[in-house]
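In my numbering, the protein residues as written are 4 to 303.
Below you can see the structure in the form of structure tokens.
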């Protein structure tokens with residue numbers, strides 16, 4: 004058995020057309036994304052480069068703010084305060100990971116709820132938990148958008164699929180794992196959440212092997228192998244991990260799933276790169292446009 008490959012680049016291309024139309028309707032109004040990065044994490048820089056490119060393609064303004072890794076939380080809060088007050092900025096994204104001395108909760112709480120396009124502010128996270136989201140966090144939303152697109156392609160009813168499925172989410176981050184579980188609940192699927200600590204107790208395969216859908220967002224390269232999956236499973240890999248080639252010394256990105264080991268076993272799988280990532284990039288621009296509309300409505 005060879006898995007069907009869930010082609011995120013192709014799905015993202017179709018979504019781009021929709022988002023480009025949304026952005027075009029904002030002509031004459033601000034639609035601008037600002038990112039805040041603390042330090043020079045390889046994965047965060049790779050993500051930022053992708054966002055710059057996609058923003059340019061879709062006509063979304065962009066500005067990046069990079070602070071030294073030694074920055075205090077007060078330095079980060081000062082930048083966010085300036086972006087909150089800047090009328091040119093409609094969406095703010097704080098790139099993770101943050102250094103240990105920068106309290107993530109303080110940073111997320113400092114964001115304007117109207118510009119918090121990843122729904123990490125307590126108000127927006129609460130709205131998501133209540134099932135009335137202001138913004139759908141881009142990566143979890145993209146996971147399910149890619150999955151929904153695949154279901155349409157194979158001719159499966161979305162409601163019937165979700166109602167009979169068990170979704171297992173590996174990873175509990177505030178911006179991916181937790182909201183992904185909430186989106187699973189919203190689809191009335193049996194949803195189980197764990198993190199990579201389960202692997203340290205030897206129970207990861209026990210938890211994952213019963214899944215119909217496995218969403219992996221733990222940030223651990225190659226965490227999921229053939230022993231963690233089953234033949235009818237659909238696997239969505241959210242991991243973005245820099246790995247250095249031991250021979251050539253080149254750095255490349257890999258997922259949390261051992262693709263070579265898992266792809267021959269499962270029903271469908273999203274690759275890294277080229278799976279969830281391209282959809283996420285476009286979805287973030289969609290949220291930026293949505294934030295621009297909200298700000299316009301609030302000021303009118």
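Here a beta-carbon is modelled for each residue, glycine too, at the ideal position from N, C-alpha and C.
For a quick check, are the C-beta atoms of residue 273 and residue 265 less than 7 Å apart? Position 270 of the chain shown, counted from the start, is the residue given in the question as residue 273. Position 262 of the chain shown, counted from the start, is the residue given in the question as residue 265. Going by C-beta atoms, residue 273 is not nearer than 7 Å to residue 265.
Could you please give the first and the last residue of the uninterrupted beta strand (DSSP E) stretch that includes residue 96? If you number the chain shown from 1, residue 96 lands on position 93. Segment 94-97, the beta strand (DSSP E) holding residue 96.
Can you look up residue 177 in the DSSP assignment and give me helix, strand or coil? Within the chain shown, numbered from 1, the residue matching residue 177 stands at position 174. Looking at residue 177 - three-state DSSP - the assignment turns out to be coil, as it is neither helix nor strand.
Could you give the DSSP three-state label for residue 256: helix, strand or coil? Counting from 1 along the chain shown, the entry for residue 256 is found at position 253. In this structure, residue 256 counts as strand in the three-state DSSP scheme.
Residue 29 - containing alpha helix (DSSP H), residue span: Within the chain shown, residue 29 is the residue found at index 26, counting from 1. Residue 29 -> no alpha helix (DSSP H), and no H or E assigned at all.
Going by the beta-carbon positions, is the gap between residue 210 and residue 197 smaller than 7 Å? Your numbering for residue 210 matches position 207 in the chain shown. Your numbering for residue 197 matches position 194 in the chain shown. Yes.
Do residue 95 and residue 114 have their beta-carbon atoms positioned less than 7 Å apart in this structure? The sequence position of residue 114 within the chain shown is 111, counting from 1. The sequence position of residue 95 within the chain shown is 92, counting from 1. Yes, Cβ-Cβ distance for residue 114 and residue 95 is below 7 Å.
Integer-rounded CB distance, given that residue 187 should sit under 8 Å from residue 172: Here residue 172 refers to the residue found at position 169 when the chain shown is read from its first residue. Here residue 187 refers to the residue found at position 184 when the chain shown is read from its first residue. About 7 Å separates the beta carbon of residue 172 from that of residue 187, a gap short enough to meet the 8 Å contact definition.
Please list the terminal residues of the continuous beta strand (DSSP E) segment that includes residue 129. The residue you call residue 129 lines up with position 126 of the chain shown. Taken as a continuous stretch (DSSP letters only), residue 129 belongs to no beta strand (DSSP E), being part of the alpha helix (DSSP H) at 125-133.
For residue 14, which residues in the same chain have their Cβ closer than 8 Å to its Cβ, ignoring the five residues on either side in sequence? The residue you call residue 14 lines up with position 11 of the chain shown. Cβ within range, chain order: 148, 149, 152, 281 and 282.
Could you tell me if residue 27 is buried or exposed, where buried requires 16 or more neighbouring beta carbons within 10 angstroms of its beta carbon? Counted from its first residue, the chain shown places residue 27 at position 24. Burial call: exposed.
For the segment 67-82 against the segment 130-147, are there 3 or more C-beta pairs whose distance is under 8 Å? no
Out of curiosity, what's the CA-to-CA distance linking residue 105 and residue 72? Along the chain shown, read from residue 1 onward, the residue named residue 105 stands at position 102. Along the chain shown, read from residue 1 onward, the residue named residue 72 stands at position 69. Going by the C-alpha atoms only, they are around 9 Å apart.
With 16 other CB atoms within 10 Å as the buried threshold, where does residue 231 fall? In the chain shown, the residue the question calls residue 231 occupies position 228. By the neighbour-count rule (16 or more Cβ atoms within 10 Å), residue 231 is buried.
Taking residue 226 as the reference, give the member of 234, 244 and 215 with the closest Cα. What you label residue 226 is simply residue 223 of the chain shown in a count that begins at 1. The shortest Cα separation from residue 226 among 234, 244 and 215 belongs to 244.
Whole angstroms is fine: what's the gap from residue 83's alpha carbon to residue 219's? Taking the first residue of the chain shown as 1, we reach residue 83 at position 80. Taking the first residue of the chain shown as 1, we reach residue 219 at position 216. Spanning the two alpha carbons is a distance of roughly 30 Å.
Applying the criterion that 16 or more other CB atoms from any shown protein chain within 10 Å of the CB defines a buried residue, is residue 124 buried or exposed? Looking up residue 124 in the chain shown gives position 121. With 16 or more neighbouring CB atoms inside 10 Å of its own CB, residue 124 falls in the buried class.
Checking the sheet assignment: what are the DSSP bridge partners for residue 272? Stepping through the chain shown from its first residue, residue 272 is reached at position 269. Residue pairing by DSSP places residue 272 opposite 8 and 238 in a beta bridge.
Going by the C-beta, is residue 142 closer than 6 Å to any heavy atom of the ligand NAP? As far as ligands go, the structure on display features none, and thus does not contain the ligand NAP.
From the DSSP output, in three-state form, read off residue 188 for me. Taking the chain shown and counting its residues from 1, one reaches residue 188 at position 185. Residue 188: helix per DSSP, three-state reduction.
Using only alpha-carbon positions, find the residue among 241, 16 and 233 that is nearest to residue 46. In the chain shown, counting from the first residue as 1, residue 46 sits at position 43. Selected option, being the one with the closest Cα: 241.
What's the C-alpha gap between residue 138 and residue 120? In the chain shown, residue 138 corresponds to position 135, counting from 1. In the chain shown, residue 120 corresponds to position 117, counting from 1. Cα to Cα, residue 138 sits roughly 6 Å from residue 120.
Would you call the CB atoms of residue 140 and residue 41 closer than 7 Å? Along the chain shown, read from residue 1 onward, the residue named residue 140 stands at position 137. Along the chain shown, read from residue 1 onward, the residue named residue 41 stands at position 38. Remark: C-beta atoms of residue 140 and residue 41 do not approach each other more closely than 7 Å.
My output table needs one value for residue 65: the three-state DSSP class, helix, strand or coil. As a position in the chain shown, residue 65 is number 62, starting the count at 1. DSSP places residue 65 in strand when its eight states are reduced to three.
Using CA atoms only, rank isn't needed, just tell me which of 8, 36, 29 and 30 is closest to residue 285. Looking up residue 285 in the chain shown gives position 282. Ranking the options by Cα distance to residue 285, first place goes to 36.
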